[in-house]
Amino acid sequence: MNRAETGGSIERLRLLVFSAGSLRFAADADQLAQLREYDPSANQCGTCWFHEAVGLDGVDREAVVRPEVYVVRQGAQEYGFITNAPEDLIERDAGSLRPLPSLVEPFSLVRGIWAALPVERYGIILLVDFFRLAASPGLRSGQGDTP
Amino acid sequence: MPHQHDSMKSDRILSELKLLRESRTITDVDEPMVTVVLFSLDGELYAFPGANVLEILPVEGISPIPGTPECIPGLITVRGDIESVIDLRRVLDLPPPADAQGQILLATGGEVRSGVLIDGVEDVVDVLRTSILPPPRNLDRQTREFVAGGLERDGRSVTLLDPAGVFARAVAP
Amino acid sequence: MMIRSKLTLLNILLVTAAITITTIFSLLQIRRDAENQARNVQESHIKTFWELLRAKGDAFSIREGKLLAGDYVINGNYELPDKIKEIFGGTATIFMGDRRVSTNVLTPEGGRAVGTLLEGPPRDAMFRDGKPYRGEADIFGVPYFTAYDPIRNGRGEVIGALYVGVKKSDFFAAYDRLRSGCILIAIVVGGFFGLISVFLVQKLLSPLKAMVEKLREASHNGREVSDLTIRLDDGTRDEIGLVAGEFNSLLEKMQEIISLVTTVTNSFAGTIATAVHHQASFTSQLSSSVSEISSTMEEFTSTASQIAEHSQGVAEIAETTLLDMKEGAAKFEILAAKMAEINSDNQAGIREIVDLGRKSKEITKIMGIINTVANQTKLIAFNAALEAASAGEAGKRFGVVATEIRRLADNVFESTSEIEGKINEILEAVNRLVINSEKSSKGIGEGLEYTTRTNVVLDELVAGAESTADAARQISLSTQQQQTASSQVVIALRDIEEGVRFNSGSIQQTSEISVNLTEMAVKLGKLVGEFSIGKGVNLAMDDPACAAGGETAAQ
Chain G
1 MNRAETGGSI ERLRLLVFSA GSLRFAADAD QLAQLREYDP SANQCGTCWF
51 HEAVGLDGVD REAVVRPEVY VVRQGAQEYG FITNAPEDLI ERDAGSLRPL
101 PSLVEPFSLV RGIWAALPVE RYGIILLVDF FRLAASPGLR SGQGDTP
Chain S
1 MPHQHDSMKS DRILSELKLL RESRTITDVD EPMVTVVLFS LDGELYAFPG
51 ANVLEILPVE GISPIPGTPE CIPGLITVRG DIESVIDLRR VLDLPPPADA
101 QGQILLATGG EVRSGVLIDG VEDVVDVLRT SILPPPRNLD RQTREFVAGG
151 LERDGRSVTL LDPAGVFARA VAP
Chain Z
1 MMIRSKLTLL NILLVTAAIT ITTIFSLLQI RRDAENQARN VQESHIKTFW
51 ELLRAKGDAF SIREGKLLAG DYVINGNYEL PDKIKEIFGG TATIFMGDRR
101 VSTNVLTPEG GRAVGTLLEG PPRDAMFRDG KPYRGEADIF GVPYFTAYDP
151 IRNGRGEVIG ALYVGVKKSD FFAAYDRLRS GCILIAIVVG GFFGLISVFL
201 VQKLLSPLKA MVEKLREASH NGREVSDLTI RLDDGTRDEI GLVAGEFNSL
251 LEKMQEIISL VTTVTNSFAG TIATAVHHQA SFTSQLSSSV SEISSTMEEF
301 TSTASQIAEH SQGVAEIAET TLLDMKEGAA KFEILAAKMA EINSDNQAGI
351 REIVDLGRKS KEITKIMGII NTVANQTKLI AFNAALEAAS AGEAGKRFGV
401 VATEIRRLAD NVFESTSEIE GKINEILEAV NRLVINSEKS SKGIGEGLEY
451 TTRTNVVLDE LVAGAESTAD AARQISLSTQ QQQTASSQVV IALRDIEEGV
501 RFNSGSIQQT SEISVNLTEM AVKLGKLVGE FSIGKGVNLA MDDPACAAGG
551 ETAAQ
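In structure tokens:
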């Protein structure tokens, strides 16, 4: 509460909410370059499955019922993450976000998860930074295997 | 004879009670009390120092988070804030509980704050600081990191844990 | 014996006799000659023996137990007998007294047969009569012609004997051969002529044989009936042919007569006997039937009156039963209604119990909520205690309150667990009740079902009892009518029986007469039945009329 009150320069964030496995994630809508239908026949370079990249255990590719590709661009580099289509687009003050507890932060940041947002409707939504995720060591080594 | 005996008995009890009161006063002065939170885990009694426990919470949905060690099952919200949860059974290498019920102690240790999942709080009591024994010498070094000492409670032995040590153990590789 | 055989035998006998007599005569003659010849030979032998002996010594005497011819000792000296054997063959012996002292006869063992005594006719002839003996004798089983001469001393006393013997077979060998030849020839000749005579007799008598066979065949030939249809062969122009012709004409006449008699006998015997027999048997059957019916009817009448009595009783009982049944059925209906009532009460009871159970469970739920609240309260108390500890001295009083709240919560736990225990007991009791009620409900249901079924059965029983009563009444009526009718029938039957008895008497008389007639007819039938008159007509014997007649006679 204190944090929300502190500055008038607090940003508003538009968040795309989507689910993977039993968890809900949200990504900054501004980060996305494109959102497109997933076409299994097309050979898409630099594209990977989101739940695999973020390290969610016990989730199958078949469990992704409405796969879409979340495309981000970093300079000339383009990455695609395949997961369920967005469920919601919500707007929040950056102040309403909570940093991750110090015990889990070191493990989560490397997976691109940088904050949490308690929402009455959904419980805890994990905020994912696709740029961080693209740079994560696990993803770099597994990139060759991705479709 | 009986009358004499009776008056002697009341005198004796009264004097004992007075002695007791005096001793308590002395105790209050000379031996400071420590609050400890007694809790059960897999049928054994453990304790956290009361100063390290902020709050006792019921378990109302732990939200998992990817990438964390197994002994950290996820996150909880505590009045709008997000807190991590450590499964103390996993930390102590105990088998999973028979029923999922339990309670969470919101504890602090050093700079770290986290919820600790236990079977249930037994009591919050004040004990004499002197009644706390040092940890047994035969403990291995890993265990010694998070065991602060031991005490007796109603004839049962209680292991006093150090929250900071527990947190360090939880995230240790 | 057949004439043929007789003739043949006679012929053979005559031939055999002629030949035998001839043969015997010639053989006797030959034998006599042979015997004469043998006697002559014997004489010459014994004469020679004498010559030889006398050449040794003329005077015969016995000295010192030895027979001497002059000085020639004969005892143990076999010279002379051996010489006789050398000259003539045959046997020769010298006796001293009647003891053999020198001989050429050998014992079967090979020694000389000396020392034995002479016995039999030769001894008698010589030593008693003083005469020589001629005759036949067996020497060691072989027949010999023998000749004994007495040896006399100077005083003319017989002191010994000479003997020579010739084997009979030496003389009769030729005779035996001749005899065998004669017998053989006689047999051959006799046989030959016998055969010829057989053949001739056969030939002569063959027509007669044919006639005999035919007649035998006709008369018997394994049957009981003589066949009159046969005819003899009268082709031969001799006496046999004539006899056959005469016999044939006789047969013809006889056939005519027999067939006439047969026809008459058949019709006569058959008709009367059958008719009378039938009538008689019918009448006796009728008589016995009527008396049977009569007695049956009497029995029937008495039975009917018994039935009438019984059926009256049955009707009354049936009436009573019907009333009882109706009463029973009515009572049973009341019972069924009660059962149904009990059933609905029981069902309501079960519903109540189940409801009680459900409510108890709801209370358990509420207890759970209370427990949760107590838990939360306890948690709050713990947290208050923590707060009080951190508030230092100021928080001490607050800490006491927190402790009290905790104790309250614990009390609540105790109470709720106690209540839970009670509710569990209630639930168990409810379960037991429900199970028992269901059991009794099932029992009541079964009872209801049985009641319904029993009701149906009772209704059927009532209907049955009604029809039984009706039937019994009907039977009672019917049997009374029947009783009347049957006594009338009995009276009528008695009349009939009387009539039949009378009829039976007259038939008996007729029957007796007809039996006599039938007997006569049967006799005649038997007589003519022994002849067959052609066309396979078999006479009388197995005609039913005959059998009937016999039976009637037997009656």
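Chains as they are written, first to last, in the numbering used here: chain G, 1 to 147; chain S, 1 to 173; chain Z, 1 to 555. By construction, the Cβ of each residue, glycine as well, lies at the ideal position given by its N, Cα and C atoms. Predicted model, so just to flag it, every value in this text is computed and none were measured.
**Message:** Between A394/Z and chain S, is the shortest Cβ-Cβ distance under 9 Å, so that the two count as touching?
**Reply:** no
**Request:** Could you list the residues in the region 47 to 65 of chain S with a C-beta less than 9 Å from some C-beta on chain Z, going in chain order?
**Result:** G50, A51, V53, L54, E55, I56, L57 and P58
**Prompt:** Between F131/G and Q31/G, is the Cβ-Cβ spacing less than 9 Å?
**Reply:** yes
**Request:** Could you tell me which chain S residues have their CB closer than 8 Å to the CB of A389/Z, listed as they occur along the chain?
**Result:** T35, G50, A51, V124 and D126
**Item:** Amino acids of chain G, ordered along the chain, whose beta-carbon sits closer than 7 Å to that of S114/S
**Value:** Chain G residues near S114/S: P101 and L103.
**Request:** Flag T27/S as yes if its beta-carbon sits less than 9 Å from any beta-carbon of chain Z, otherwise no.
**Result:** The predicted model places T27/S with a pLDDT of 47, which falls under 50 and marks its position as unreliable; any figure quoted below should be read in that light. By this cut-off, T27/S is not an interface position.
**Asked** Looking only at its own chain, which residues have a Cβ that is under 8 Å from the Cβ of L493/Z, when we skip the five neighbours before and after it?
**Response** V290, I293, S294 and M297
**Prompt:** Closer than 8 Å, Cβ to any Cβ of chain G: which residues of the region 82 to 93 of chain S, in chain order?
**Reply:** I82, E83, S84 and I86
**Prompt:** Using the beta-carbon of each residue, which ones in chain G are nearer than 9 Å to A170/S?
**Reply:** L103
**Request:** On the DSSP bridge assignment, give the partners of P67/G in chain order.
**Result:** N84/G
**Item:** Neighbour flag for T159/S against chain G, beta carbons, 9 Å
**Value:** no
**Item:** CB contact below 9 Å: V78/S versus chain Z
**Value:** no
**Prompt:** Which residues, in order along the region 49 to 78 of chain G, keep a beta-carbon less than 9 Å from a beta-carbon of chain S?
**Reply:** H51, V54, G55, L56 and D57
**Asked** From what residue to what residue does the beta strand (DSSP E) around K167/Z run?
**Response** V158 to K167 is the span of the beta strand (DSSP E), which, as asked, contains K167/Z.
**Asked** With S84/S and L23/G assumed to form a contact (beta carbons below 8 Å), what rounded beta-carbon distance in angstroms separates them?
**Response** Incorrect: roughly 15 Å between the Cβ atoms, too far for contact.
**For K11/S, the three-state DSSP class (helix, strand or coil)** = According to the sequence shown, residue 11/S is Asp rather than Lys. Note: D11/S maps to helix in three-state DSSP.
**Message:** Here's the rule: buried if 16 or more other CB atoms are within 10 angstroms of the residue's CB, otherwise exposed. What is M96/Z?
**Reply:** buried
**Request:** Could you tell me how far apart the beta carbons of K378/Z and A409/Z are, in whole angstroms, since I believe they sit closer than 8 Å?
**Result:** 4 Å
**Cβ-based burial, M2/Z [other Cβ within 10 Å; buried from 16]** = Label assigned to M2/Z: exposed.
**Asked** Under 9 Å between the Cβ atoms of S287/Z and V490/Z?
**Response** no
**Request:** At 8 Å on the CB atoms, spell out the chain G contacts of I104/S, in chain order.
**Result:** Result: empty, since nearest Cβ-Cβ is about 13 Å, beyond 8 Å.
**Asked** What is the DSSP secondary structure of V104/G, reduced to helix, strand or coil?
**Response** Of the three classes helix, strand and coil, the one that applies to V104/G here is coil, per DSSP.
**Item:** Which of helix, strand or coil DSSP assigns to Y450/Z
**Value:** helix
**Continuous alpha helix (DSSP H) stretch holding I87/Z: start and end** = Run containing I87/Z: E79 to F88, per the alpha helix (DSSP H) assignment.
**Prompt:** Where A385/Z and F18/G are concerned, what is the direct C-alpha to C-alpha distance, given to the nearest angstrom?
**Reply:** Their backbone Cα atoms lie some 43 Å apart in a straight line.
**Message:** Quick check on P143/Z: does DSSP put it in helix, strand or coil?
**Reply:** strand
**Within chain S, the residues that L386/Z reaches when beta carbons sit closer than 8 Å** = T35, V37, G50, V53, L54, E55, I56 and V124
**Item:** Proximal residues of chain S, C-beta to C-beta of V110/G below 8 Å
**Value:** The answer, in chain order, is G67.
**Request:** Could you have a look at C48/G and say whether DSSP puts it in helix, strand or coil?
**Result:** strand
**Request:** Establish whether the CB of I72/S and some CB of chain G are separated by less than 9 Å.
**Result:** yes
**Asked** So, is the C-beta of L448/Z closer than 9 Å to a C-beta in chain S?
**Response** L448/Z does not count as touching chain S.
**Request:** Return the Cβ separation of I72/S and A170/S in integer angstroms, given the expectation that the two are a contact with Cβ distance under 8 Å.
**Result:** Between the beta-carbon of I72/S and that of A170/S there is about 6 Å, and that keeps the pair under the 8 Å contact cut.
**Assigned exposure category for S157/S - 16 Cβ within 10 Å defines buried** = exposed
**Request:** Quick one: residues in its chain with C-beta nearer than 8 Å to the C-beta of Y133/Z, no 5 flanking neighbours on either side, listed in chain order?
**Result:** Excluding residues within five positions, the ones whose Cβ falls inside 8 Å are P121, P122, A125, M126, T146, A147 and Y148.
**Prompt:** Where does L7/Z fall in DSSP's three states?
**Reply:** helix
**Request:** List the residues of chain S whose Cβ lies closer than 9 Å to the Cβ of G107/G, in chain order.
**Result:** Here the sequence assigns Phe to residue 107/G, which means Gly is not the residue at that position. Those are I65, P66, G67, T68, P69, I72 and V171, listed as they occur along chain S.
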